[in-house]
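Participant: Attaching a single structure in structure tokens format; questions to follow.
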Amino acid sequence: MNHLEQKRLVFLFFVFFICFLGLVWHLFLIQCRDGDLYACLALEQGSQCVALENTPRGRILDRNRLPLTGERTEERVVLFPAAVPDKKKTGSELAGILGLEQENLAAFLSGEPCLLPYGITPGQSRDIREKGWPGVMVLPVQFRYGEQQLAAQVIGHLGKISAPGEFKDLSAKNNKVYHYGDLVGKTGLEMYYEGALKGSLPSRAVRVYTDAAGRLLGGPGFIIEEKTGDNTRRDLILTIDARIQKIVEEIMDRSVPRGAVVILEAGSGDILAMASRPCYHPARPEDYLGAAGENYFLDRCTALFQPGSVFKLVIAAAALEEGTVSLESPFYCHGAGETLLRCWKKEGHGTLTFAQAFAQSCNPVFVRTGLQLGPQRVIDYGGRFGLNNQSILGYPAPGDPRQDLHLIEAPYNLVNSCIGQGPVLVTPIQIASMINTVVSDGLYRQPRLVQEICKSNGTTVNIIPNDPGQRVISPDTAEKLGLLLEMVTEEGTGQGALVPVYGSAGKTGTAQPGDDNSIVNAWFAGYAPRVNPRYVAAILIEGSDSGSVTAAPVFREIMEGILKLD
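With our numbering, letter number 124 in the sequence shown gets 705, and the count goes up by one each step, no holes.
Following this line, the structure appears as structure tokens:
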């Protein structure tokens, strides 16, 4: 063997030796360092799992981080069919306890591990546990929606992915893993923030370990897995205050069969409550589909309505800011004898000042004032108060294209527009923001609904700041408008909205949405307390009496309730 061949043998020896050391080191890592991990993976290959959360999603919380969905925990029957030795006998006895036909359980006992979709009583829970059937257990399950949920139309609801196009769109848009049958957002915040809310892992799950034949392994039989590290789901922190929202909804359930209520934080424009009636339950949306004559899913807080005399605030603001009137400017009302537009008071108001005309909601005075201003100024000031802007910070709901202030300049539209009829359409949130502009000394602020997006551990991901505001009228004009609004509740049409002790201010409105004069929508929009206001509210009651008769007392009751919280 020559020298060259010896060098080759030595080189090959070292190559094989290094490879051998690498193999030994790898075996060491598998056996010693990662032994527990691989043991768990091996067990999981022979295991079955059922989520104990009906849908893995981030929470929707109020400004104090309280859940708005009314999330609840209920005991449910969990089935692992492969581990049930005598399916026929077990199914018969289980059906008897649950009060079901055996056929109702047959598909579940022959399928994949699952939760039974039936609620159970404490007695049924006890009876099932006492049976001790393999593969059948009773465990607490977390459900997203409960009976105490709030702001249903705002939060929205979930539904299963039902079409290939929907599956494709969700997967492409949100960069998340979806499966047919997954629960996804269909309306409201659940839909708008689907990409942020959807998680990949349930917060809790039950896992059982089986052998190759599907029999349960020895030991405890199952484990409960707590999974707190799902970084794919996000929580939404809203500006809503659950306490205020609850008060509003309870009063609406008694007094507002159809309508909307919006409460803003005075100054900031943050939405503290927004509620619509009639309402639906997000856990059972199918119960409300096709209901005759009602749209339970409509968010009336963001829907368009004629504002009636509430719009006179825009006319007053324009006239005072432009100097075409003063608070003491004299007018005369002939009542039913007016040529352009009759007054609601048939005998007429007689001689009165502009301020008195506002307090008494005198139609002829505001028609004359609006005609003197001209359509362009009315359109301009309506826009200044945000009545052409349906946007809400953090709530990307699409706007309704029917809202177009420029229709005011069409022939014969200005007269009706001056009293909030004809082509003038607004949302309750826009009306609340208009009142907030007066409270804010003439600064218009866009309303905000979502203030923060954060991880499940509370770490902030994104902050949605509130609007710093834009000056649209002078502080002097805003002060005069405040005096007018105070006159309405103290001596005018809105005396039913006067809040004892605290005081209040606002404007009534009554709109006729159709040709039937007997059907009207009632409004009251205002703020409380009168001095240093804390809350702004817009009340709409559909198919009601006048705003002074119905909406004003609802405003007073709501304000009395929420002012006690401070």
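Using N, Cα and C, we set each Cβ at its ideal position, and we do this for glycine too.
1) Between L618 and D822, what straight-line distance do the alpha-carbon atoms span, to the nearest angstrom?
2) For T1070, which three-state DSSP category applies?
3) Does DSSP put V722 in a helix, a strand or coil?
4) Does DSSP classify V829 as helix, strand or coil?
5) In terms of residues, what are the limits of the alpha helix (DSSP H) holding Q537?
6) On a Cα-Cα basis, can you pick out the residue from P745, P698, I1122, G672 that is closest to P715?
7) What does the alpha-carbon distance come out to for the pair I989 and A898?
8) Is the stretch 1016-1030 touching the stretch 991-1007 in the sense that three or more CB pairs, one from each, lie closer than 8 Å?
9) Do you know how far the Cα of E711 is from the Cα of L845?
10) Could you give the distance in angstroms between the alpha-carbon of T932 and the alpha-carbon of A938?
11) Taking Cβ to Cβ, would you say L642 is nearer than 8 Å to L633?
12) Specify the secondary structure class of V842 as computed by DSSP and reduced to three states.
13) Quick one: residues in its chain with C-beta nearer than 6 Å to the C-beta of M1015, no 5 flanking neighbours on either side, listed in chain order?
14) Out of curiosity, what's the CA-to-CA distance linking Q1202 and G704?
15) Which whole runs of the alpha helix (DSSP H) in the stretch 907-968 are 4 residues long or more, in chain order?
16) Should P1028 go down as buried or exposed, given a rule of 16 or more other Cβ atoms within 10 Å for buried?
17) For Q957, is the classification buried or exposed, using 16 other Cβ atoms within 10 angstroms of its Cβ as the cut-off for buried?
18) Would you tell me roughly how many angstroms separate the C-alpha atoms of G616 and G776, rounded to the nearest one?
19) Check L782 in the structure and name its three-state DSSP category.
20) G889 by DSSP, collapsed to three states: which one?
21) Quick one: is V1135 buried, meaning 16 or more other Cβ sit within 10 Å of its Cβ, or exposed?
22) Let me check one thing: in DSSP terms, what residues is R815 bridge-paired to?
23) State yes or no: is the C-beta of N1047 within less than 8 Å of the C-beta of S849?
24) Tell me the DSSP bridge mates of G1090?
25) Does any residue of chain C bring its CB to less than 8 Å from the CB of L922?
26) Considering only the beta carbon of each residue, do V658 and I599 sit closer than 8 Å?
27) Could you check what DSSP says for C621 in three-state terms: helix, strand or coil?
28) Rounded to whole angstroms, how far is the Cβ of G1077 from the Cβ of A1013, which I believe are closer than 8 Å?
29) With E807 as the anchor, note down where its beta strand (DSSP E) starts and where it stops.
30) What residue does the beta strand (DSSP E) around R657 start on, and which one ends it?
31) Cutting at 8 Å between CB atoms, please list the residues of its own chain near G916, excluding the five before and the five after it.
32) Three Cβ pairs or more, each shorter than 8 Å: is that satisfied between the stretch 977-984 and the stretch 1052-1063?
33) How far does the beta strand (DSSP E) with A1119 in it extend, from its first residue to its last?
34) Excluding the 5 residues preceding and the 5 following M718 in the sequence, name in chain order all residues of the same chain whose CB lies nearer than 6 Å to its CB.
35) In angstroms, rounded to a whole number, what distance separates the CA positions of D985 and E830?
36) Can you look up P648 in the DSSP assignment and give me helix, strand or coil?
Facilitator: In brief:
1) Walking along the sequence shown from the start, residue 618 turns up at place 37. Walking along the sequence shown from the start, residue 822 turns up at place 241. Here L618 scores only 41 on pLDDT, less than 50, and its place in the model should not be relied on; the value that follows carries that caveat. Cα to Cα, L618 sits roughly 45 Å from D822.
2) The residue given as residue 1070 occupies position 489 in the sequence shown. If DSSP states are grouped into helix, strand and coil, T1070 belongs with the helices.
3) In the sequence shown, counting from the first residue as 1, residue 722 sits at position 141. Here V722 sits in strand by DSSP.
4) The residue you call residue 829 lines up with position 248 of the sequence shown. Three-state result, V829: helix.
5) Any question about residue 537 goes unanswered here, given that the chain covers just 582 to 1147.
6) As a first step, residue 715 must be located in the sequence shown, where it is residue number 134. Closest option to P715, Cα to Cα, is G672.
7) Taking the sequence shown and counting its residues from 1, one reaches residue 989 at position 408. Taking the sequence shown and counting its residues from 1, one reaches residue 898 at position 317. C-alpha separation (whole angstroms): 17 Å.
8) no
9) Within the sequence shown, numbered from 1, the residue matching residue 845 stands at position 264. Within the sequence shown, numbered from 1, the residue matching residue 711 stands at position 130. Approximately 54 Å between the Cα atoms of the pair.
10) Here residue 932 refers to the residue found at position 351 of the sequence shown. Here residue 938 refers to the residue found at position 357 of the sequence shown. T932 and A938: Cα-Cα distance of roughly 9 Å.
11) As a first step, residue 642 must be located in the sequence shown, where it is residue number 61. As a first step, residue 633 must be located in the sequence shown, where it is residue number 52. It is not a contact, given that the beta carbons lie outside the stated cut-off.
12) Position 261 of the sequence shown holds residue 842. In this structure, V842 counts as strand in the three-state DSSP scheme.
13) Translated into positions along the sequence shown, residue 1015 becomes position 434. So the list reads F966, once near-sequence residues are dropped.
14) Summary: the structure shown does not reach residue 1202, with the chain confined to residues 582 through 1147, and so no result is reported for it.
15) With a minimum length of 4 residues, the continuous alpha helix (DSSP H) runs that stay inside the stretch 907-968 are 935-940, 944-954, 956-965.
16) In the sequence shown, counting from the first residue as 1, residue 1028 sits at position 447. P1028 comes out buried.
17) As a working mapping, residue 957 is identified with position 376 in the sequence shown. When all chains shown are included, Q957 counts as exposed.
18) Position 35 of the sequence shown holds residue 616. Position 195 of the sequence shown holds residue 776. Confidence at G616 is low in this model, with a pLDDT of 48, below 50, so the placement of that residue should be treated as unreliable; the coordinate-derived value is given next. Their backbone Cα atoms lie some 37 Å apart in a straight line.
19) Residue numbering aside, residue 782 sits at position 201 when the sequence shown is read from its first letter. It is coil, neither helix nor strand.
20) Within the sequence shown, numbered from 1, the residue matching residue 889 stands at position 308. Of the three classes helix, strand and coil, the one that applies to G889 here is helix, per DSSP.
21) Counting from 1 along the sequence shown, the entry for residue 1135 is found at position 554. With 16 or more Cβ atoms within 10 Å of its Cβ, V1135 is classed as buried.
22) Reading the sequence shown from its first residue, position 234 is the one you call residue 815. Looking at the DSSP assignment, R815 forms a beta bridge with K1036.
23) Numbered from 1 along the sequence shown, position 466 holds the residue referred to as residue 1047. Numbered from 1 along the sequence shown, position 268 holds the residue referred to as residue 849. Taking 8 Å as the Cβ cut-off, N1047 and S849 qualify as a contacting pair.
24) Position 509 of the sequence shown, counted from the first residue, corresponds to residue 1090. Looking at the DSSP assignment, G1090 forms a beta bridge with W1104.
25) Absent here is chain C; the protein component of the structure consists of one chain.
26) What you label residue 658 is simply residue 77 of the sequence shown in a count that begins at 1. What you label residue 599 is simply residue 18 of the sequence shown in a count that begins at 1. It is not a contact, given that the beta carbons lie outside the stated cut-off.
27) Position 40 of the sequence shown, counted from the start, is the residue given in the question as residue 621. Note on C621: pLDDT 42, under 50, position unreliable in the model; the coordinate value appears next. It is helical.
28) Taking the sequence shown and counting its residues from 1, one reaches residue 1077 at position 496. Taking the sequence shown and counting its residues from 1, one reaches residue 1013 at position 432. Actually they are not in contact, since the Cβ atoms of G1077 and A1013 sit about 19 Å apart, beyond 8 Å.
29) On the sequence shown, position 226 is the one that residue 807 refers to. Taken as a continuous stretch (DSSP letters only), the beta strand (DSSP E) holding E807 covers 803-807.
30) Walking along the sequence shown from the start, residue 657 turns up at place 76. It spans 653-660 - the beta strand (DSSP E) in which R657 sits, taken as one unbroken run.
31) Sequence index remark: in the sequence shown, residue 916 carries index 335 (1-based). R923, C924, K926, K927, E928, G929, H930.
32) no
33) Here the question's residue 1119 lines up with position 538 in the sequence shown. Per DSSP, A1119 belongs to the beta strand (DSSP E) from 1116-1125.
34) Within the sequence shown, residue 718 is the residue found at index 137, counting from 1. Leaving aside the five residues that flank M718 on each side, the residues in its chain whose CB is nearer than 6 Å to its CB run, in chain order, V659.
35) Within the sequence shown, numbered from 1, the residue matching residue 985 stands at position 404. Within the sequence shown, numbered from 1, the residue matching residue 830 stands at position 249. Each residue's alpha carbon lies about 31 Å from the other.
36) Working through the sequence shown from its first residue, we reach residue 648 at position 67. Three-state DSSP puts P648 in a strand.
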